[in-house]
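Engineer: Got a structure for you, written out below as structure tokens; questions coming shortly.
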Amino acid sequence: MIYRVVTLVGAILLVVLLFCLLWLFCRRFLERQGVAGNLSDRAMVLATWTFAGISIGLLFVVVGAFVAGPWAFYRTLRSWGDVPVSDAGAIWWGLGIVVLALGITALAAAALLVSVGAV
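The numbering of the sequence shown is the working numbering, which starts it at 429 and goes up by one.
What follows is the structure, encoded as structure tokens:
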């Protein structure tokens, strides 16, 4: 029974970790692009839409997260209009952020599975 609780709490923490990583990477991206006004709010909006894209992509096919996540990142950036990055650059940055955040979260998930003896 304790393994179920540990797994449930671990899964919730993994979702929180994924969102926090997305927020951090989006914030760093916006800082790098020279965005200064409402940086935390803009990073939250960008991370939220990217997280939503990843979540929808994961529902259909795991590979969909690597399509829908960067697409949501790109669409959010294009809606602002004042971030100086090209369309291709926005898509590549979105893909990089998604891959890095999902990779770190996957490593944490593997560590969780090893810790409860599932692997």
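Each residue gets a CB set at the ideal place from its N, CA and C atoms; glycine is no exception. Everything numeric in this text was worked out from a predicted model, so none of it was measured.
Note down, one range per segment and in chain order, each alpha helix (DSSP H) of at least 4 residues found wholly within the region 497-544.
Structural biologist: Runs found: 515-543.
Engineer: Buried or exposed: V437, going by 16 or more other Cβ atoms within 10 Å of its Cβ?
Structural biologist: The count along the sequence shown starts at 1 and reaches residue 437 at position 9. That one is exposed.
Engineer: Quick check on the burial criterion: 16 or more other C-beta atoms within 10 angstroms. Buried or exposed for L528?
Structural biologist: Within the sequence shown, the letter at position 100 stands for residue 528. L528 should be labelled exposed.
Engineer: Considering just the uninterrupted stretch of the alpha helix (DSSP H) at M472, what are its terminal residues?
Structural biologist: In the sequence shown, counting from the first residue as 1, residue 472 sits at position 44. Its alpha helix (DSSP H) spans residues L467 to F488.
Engineer: Evaluate L551 with the Cβ neighbour count: other Cβ atoms within 10 Å of its Cβ, from every protein chain shown; 16 or more gives buried, anything less gives exposed.
Structural biologist: Outside the modelled stretch of the chain, which goes from 429 to 547, sits residue 551, for which no answer is possible.
Engineer: Quick check: the region 508-524 against the region 485-498, are there 3 or more CB pairs under 8 Å?
Structural biologist: yes
Engineer: Specify, as a first and last residue, the run of the alpha helix (DSSP H) that V443 falls within.
Structural biologist: Taking the first residue of the sequence shown as position 1, residue 443 is located at position 15. The continuous alpha helix (DSSP H) containing V443 extends over residues I430 to R460.
Engineer: Kindly indicate which residue of G485, V511 and I484 has the alpha-carbon position closest to the one of A471.
Structural biologist: Within the sequence shown, residue 471 is the residue found at index 43, counting from 1. Nearest C-alpha to A471: V511.
Engineer: Could you check how far apart the C-beta atoms of L467 and L474 are, in whole angstroms? I think they sit under 8 Å.
Structural biologist: If you number the sequence shown from 1, residue 467 lands on position 39. If you number the sequence shown from 1, residue 474 lands on position 46. Between L467 and L474 the beta-carbon gap is near 10 Å, outside 8 Å, which marks them as no contact.
Engineer: Between the Cα of T533 and the Cα atoms of Y431, R432, V433 and L445, which residue gives the shortest distance?
Structural biologist: Counting from one through the sequence shown, the residue named residue 533 turns up at place 105. If we check each option's Cα against that of T533, L445 comes out closest.
Engineer: Can you tell me the Cα-Cα spacing of L449 and G545, whole angstroms?
Structural biologist: As a position in the sequence shown, residue 449 is number 21, starting the count at 1. As a position in the sequence shown, residue 545 is number 117, starting the count at 1. If you take the alpha carbons of L449 and G545, they lie about 26 Å apart.
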